[in-house]
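Here's the structure, in structure tokens; my notes come after.
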Amino acid sequence: MTTPQLDPSEIAACLQVRDLTDPACGDHAMQTLLATIVEQLTTRWDSRARTVRPRPLVSIEDNYDRLGYDPEAVTRDRRYTRYTSDTTMLRSHTSAGIPPALRALATEQHPPTDLLLVLPGVSYRRDVIDRLHIGTPHQVDLWRLTRDQPPTPADLDDMIATVVAAALPAAHWRTQPAVHPYTASGLQVDVEADGEWVELAECGLAASHVLAGAGLDPGRWSGLALGMGLDRALMLRKRIPDIRLLRASEPRIAEQMLDLAPWRPISMMPPVRRDLSIVADATTDAELLGDRARSALGSEADMLESLTIRAVTDHEQLPVAAQQRLGTRSGQANLLVRAVLRPLDSTLTDHQANILRDRIYAALHHGPHPEWAAPSTSPHEQSQPARRGGMSTREPH
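Taken in order, the sequence shown gives residues 11 to 407; the numbers are from this note's numbering.
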């Protein structure tokens, strides 16, 4: 069966996203944070670090199959994965670079006996939109590979303690069991922030099937595997309140993203809210809506602070009059969606907000009777009859 795929323009837009972990894309505090973590680990172990930056386009086999993901795993669903062909995709995690990195290690004539693989970069996901999430998060995979030196759960605890101390000095941390297809004895690492526990990383002993599949003898080779979200780590380190600030170009913000000093708040613009009453498939979720909204706004996607589903009413639950007015059919639902627009460095006029609202609405609404807010710049208005409507605040039906 053919896998639904991104079109070339969507792929190009994803590949143009700046990688804050890469010095070639300009200096950023994220690089300083990562360098600190790597230095602390290699010093602790007296091991050699090797940074690998594979291309974002990877094989589906490396991203899922060779890491041990079940063929029916929900994460493979097109709602969460950006497929580019029947065999390739934009990596959903930096772990996709691990199988080829291990294959390369297996071909070396004189490999190091203690190696730290460092795989940082951007991952590509369909995710909710809020101040902590983005569709192109930064991650790093840290895999310690040792020959004839099998690690123990105590070594894993030592790795966690070293990473947390380097990233978030003096932070309290805890672990709880977690299942990953590419680790054994998996753990989730949480840190305490403002009285709450926040997930920082996931880790475990490197699974023998991953090593063997890459050509490394699991009787001799073993390792520790840890994956961490660098956006969240940096936000916690600097106490940054909004993930969009990490990539902001406004000078007052950008200059604060060059070191690990605490975030100094600057004036933020007032939010502009628009409530959208849309028709969509009944299975539509916030992740899918977020992805469509980002694609619709393109370079202006960072103006969208959040997109939330406030209510869902299936076609069968709607009064007949509402079914006719909305043009819903079986398998669809009426969703009330709230979009919060807040540019980081300017104020939106009502007209500008309505234009952005209409671009989002055009991408989300799948009914026959659209309602636009902007007077003459609404998407598709030239080809579709439309009723005028301002910002809708009513609940569905």
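Note that beta-carbon positions come from the ideal geometry of N, C-alpha and C, so glycine has one too.
Among all the DSSP beta bridges, which residues are the ones paired with residue i?
i, result
"Val124", "Note that residue 124 is Asp in the sequence shown, not Val. Per DSSP, Thr156."
"Gln198", "Gln186, Glu212"
"Tyr93", "Met99"
"Ile319", "Val347"
"Ala235", "Trp153, Gly214"
"Ile288", "Leu345"
"Thr193", "Ala216"
"His148", "Val132"
"Leu67", "Leu100"
"Val174", "Val174 pairs with nothing; no bridge assigned."
"Glu206", "Ala203"
"Leu314", "Leu351"
"Asp324", "Ala343"
"Thr61", "Val128"
"Val282", "Leu351"
Going by beta carbon distance, what residues of the same chain come within less than 7 Å of residue i, once the five residues before and after it are set aside?
i, result
"His190", "Gly196, Glu212, Gly214"
"Gln15", "Tyr93, Thr94, Ser95"
"Val289", "Leu336, Gly337, Thr338, Gln342, Asn344, His375, His376, Gly377"
"Leu25", "Pro66"
"Pro179", "none"
"Val330", "none"
"Thr97", "Ser69, Ile70"
"Gly36", "none"
Whose C-beta lies closer than 8 Å to the C-beta of residue i among residues of the same chain, with five residues either side of it excluded?
i, result
"Gly205", "none"
"Ala23", "Ser305, Gly308"
"Val27", "Val132, Thr146"
"Ser19", "none"
"Gln394", "Annotation note: pLDDT 41 at Gln394 (below 50); position unreliable, coordinate value reported separately. Here the set comprises Pro380."
"Arg89", "Arg136, Asp295, Glu297, Leu298"
Among the options, which one has its Cα closest to the Cα of residue i?
i, options, result
"Arg60", "Tyr79, Leu166, Val128", "Val128"
"Pro147", "Pro66, Ala176, Arg76", "Pro66"
"Trp153", "Ala164, Thr97, Leu51", "Leu51"
"Trp183", "Pro161, Tyr192, Val208, Gln159", "Val208"
"Ala111", "Pro187, Glu49, Leu210, Leu126", "Leu126"
"Leu256", "Thr359, Leu354, Asp291", "Leu354"
"Val84", "Arg136, Trp55, Glu260", "Arg136"
"Ala175", "Asp200, Gly300, Ile47", "Ile47"
"Ser259", "Asp32, His38, Ile21", "His38"
"Pro185", "Leu210, Asp72, Thr162", "Note on residue identity: the sequence assigns Thr, not Pro, to residue 185. Of the candidates Leu210, Asp72, Thr162, the one whose C-alpha sits nearest the C-alpha of Thr185 is Leu210."
"Trp273", "Thr293, Gly107, Leu298, Leu246", "Leu246"
"Ala292", "Asp324, Ala271, Ile263, Ile108", "Asp324"
"Pro122", "Arg88, Gln159, Pro385", "Gln159"
"Pro109", "Arg76, Asp87, Arg88", "Arg76"
"Glu315", "Gln149, Val199, Arg367", "Arg367"
"Thr162", "Val150, Gly233, Asp124", "Gly233"
"Val173", "Leu298, Ala188, Pro187, Val150", "Val150"
"Met313", "Ala383, Ala372, Leu358", "Leu358"
"Ala310", "Ala332, Gln362, Ala271, Thr294", "Looking at the sequence shown, residue 310 is not Ala but Glu. Of Ala332, Gln362, Ala271, Thr294, the residue nearest in Cα terms is Gln362."
"Leu221", "Asp360, Leu155, Ser340, Val199", "Leu155"
"Ser356", "Ser340, Ala384, Leu298, Pro261", "Pro261"
"Asp87", "Ser340, Gln333, Leu298", "Leu298"
"Asp360", "Ser340, Ala349, Ala383", "Ala383"
"Glu169", "Ser340, Gln334, Ala373, Glu49", "Strictly speaking, residue 169 in this sequence is Met, with Glu absent from that position. Selected option, being the one with the closest Cα: Glu49."
Roughly how far, in whole angstroms, is the beta-carbon of residue i from the beta-carbon of residue j, given that I think they are within contact range, below 8 Å?
i, j, result
"Glu202", "Ala171", "With a Cβ gap of about 15 Å, Glu202 and Ala171 do not count as contacting."
"Ala303", "Ile370", "5 Å"
"Val347", "Ile319", "6 Å"
"Ala177", "Ala243", "5 Å"
"Gly78", "Thr104", "Wrong, their Cβ atoms sit about 16 Å apart, outside the cutoff."
"Asn134", "Arg101", "A quick correction: the sequence has Tyr, not Asn, at residue 134. Between Arg101 and Tyr134 the Cβ distance is about 6 Å, and since that is below 8 Å, they are a contact."
"Arg157", "Trp231", "6 Å"
"Val70", "Met99", "Per the sequence shown, residue 70 should be read as Ile rather than Val. Indeed, because the Cβ distance is near 5 Å, the residues count as touching under 8 Å."
"Ala217", "Thr193", "6 Å"
"Gly300", "Leu317", "5 Å"
"Arg284", "Leu351", "7 Å"
"Met106", "Val68", "Going by the sequence as given, residue 106 is Ala instead of Met. Sure, about 4 Å apart at Cβ, within 8 Å."
"Asp124", "Arg58", "7 Å"
"Thr31", "Leu44", "6 Å"
So, at 6 Å on beta carbons, what are the nonlocal neighbours of residue i in its own chain, with the 5 sequence-adjacent residues on each side left out?
i, result
"Arg397", "Low confidence applies to Arg397: its pLDDT is 36, below 50, so where it sits in the model is not reliable enough to give any reading."
"Ile263", "Leu255"
"Gln144", "The residue asked about is misnamed: residue 144 is Ile in this sequence, not Gln. Only Ile253 meet the Cβ criterion."
"Pro64", "Gly107"
"Gln340", "Per the sequence shown, the amino acid found at residue 340 is Ser instead of Gln. Contacts found: His325."
With a cut-off of 9 Å, does the C-beta of residue i fall near any C-beta of chain B?
i, result
"Arg249", "Structure shown: chain B not included; a single protein chain is present."
Just to confirm, does residue i get its C-beta within under 8 Å of one of the non-hydrogen atoms of the ligand FMN?
i, result
"Asp295", "Of the ligands one can find in the structure shown there are none, so the ligand FMN has no counterpart to examine."
Stretch pair the stretch 266-278 + the stretch 240-255: three plus CB contacts closer than 8 Å: Contact between the stretch 266-278 and the stretch 240-255 is present: 3 or more CB-CB pairs across the two stretches fall below 8 Å.
Touch test, the stretch 279-288 against the stretch 229-249, Cβ-Cβ under 8 Å, three pairs minimum: With the cut-off at 8 Å, the stretch 279-288 and the stretch 229-249 do not touch.
Cβ contact (3+ pairs, closer than 8 Å) linking the stretch 115-122 and the stretch 222-233: The stretch 115-122 vs the stretch 222-233: in contact.
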